[in-house]
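Working notes, beginning with the structure itself.
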Amino acid sequence: MIGIIAERKKRRGYKFYDWASIQDVYYPTGKDEKETVRKEVLKYKKLARLASHTNAWLRQIADADPEKSLYENHITTGTTIDGKCIRLSTIEKYCGCMVMECFREAFKKKEKYSSYRFDFCGYDGTLW
């Protein structure tokens with residue numbers, strides 16, 4: 772049997788009494804920053820491949836170097852919300868179904884569209 776000490780599990784969790792059966796104890800390692808950055812870039816590349824349309828920005832994401840950060844690949848601006856992708860269905864909950872329907876219709880027809888401002892997770896949101 773192997774005993775593992777997990778972070779913040781000293782006071783909660785199951786009770787263990789068979790201490791003589793423990794062979795090794797492994798402590799959790801910290802997250803590797805390079806691996807986290809690589810996973811974020813790969814996530815963006817996957818989402819760019821799954822997009823129903825293409826443009827220069829999506830092609831830039833598809834050609835991104837996984838060893839560089841999102842900011843270094845010129846994909847994001849380097850803010851605290853990096854790595855978070857927002858779906859249109861999520862935005863629809865805040866702006867309403869009519870605004871989203873008009874936006875999708877304009878997107879299909881490749882026309883210009885600008886919605887009114889709406890509250891989106893503490894930010895002012897506008898579809899354009």
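Residue numbering for the sequence shown follows this note's numbering, starting at 772 and increasing by one per position.
In this text, a Cβ means the ideal position worked out from N, Cα and C, and glycines have one as well.
These figures come from a predicted structure and were not determined experimentally.
Check the DSSP bridge columns for residue i and list the partner residues they point to.
i: PHE934; result: Only positions 772 to 899 of the chain appear in this structure, which leaves residue 934 out of reach.
i: GLY896; result: PHE889
From residue i to residue j, what does the alpha carbon distance come to, in whole angstroms?
i: HIS845; j: CYS873; result: 30 Å
i: ASP803; j: SER840; result: 14 Å
i: THR850; j: TYR842; result: 9 Å
i: PHE889; j: ASP836; result: 35 Å
i: ALA822; j: ARG858; result: 11 Å
i: LYS805; j: GLU811; result: 10 Å
i: PHE891; j: LYS864; result: 9 Å
i: ASP834; j: THR847; result: 14 Å
i: MET871; j: ALA827; result: 24 Å
i: THR793; j: THR807; result: Reading off the sequence shown, one finds Ile at residue 793, where the question assumed Thr. For ILE793 and THR807, the distance between alpha carbons rounds to 32 Å.
i: TYR798; j: ASP789; result: 19 Å
i: SER860; j: LYS881; result: 20 Å
i: ASP795; j: ARG875; result: 57 Å
i: LYS982; j: HIS824; result: Residue 982 is absent from the structure shown; the chain starts at 772 and stops at 899.
Output yes or no for whether 8 Å exceeds the beta carbon distance between residue i and residue j.
i: ILE832; j: LYS814; result: no
i: LEU898; j: CYS866; result: yes
i: CYS856; j: LEU829; result: no
i: ILE862; j: GLY893; result: no
i: GLU838; j: ARG820; result: no
i: ALA877; j: TYR887; result: no
Any beta carbon of chain E sitting closer than 8 Å to that of residue i?
i: GLY896; result: Any reference to chain E falls outside this structure, which holds one protein chain only.
Given 7 Å as the limit, tell me if residue i has its C-beta closer than that to any heavy atom belonging to the ligand GTP.
i: GLU843; result: Ligands in the displayed structure: none, and consequently the ligand GTP is not present.
Fill in: Every unbroken alpha helix (DSSP H) inside the stretch 802 to 845 [4 residues or more]
804 to 821 and 827 to 833
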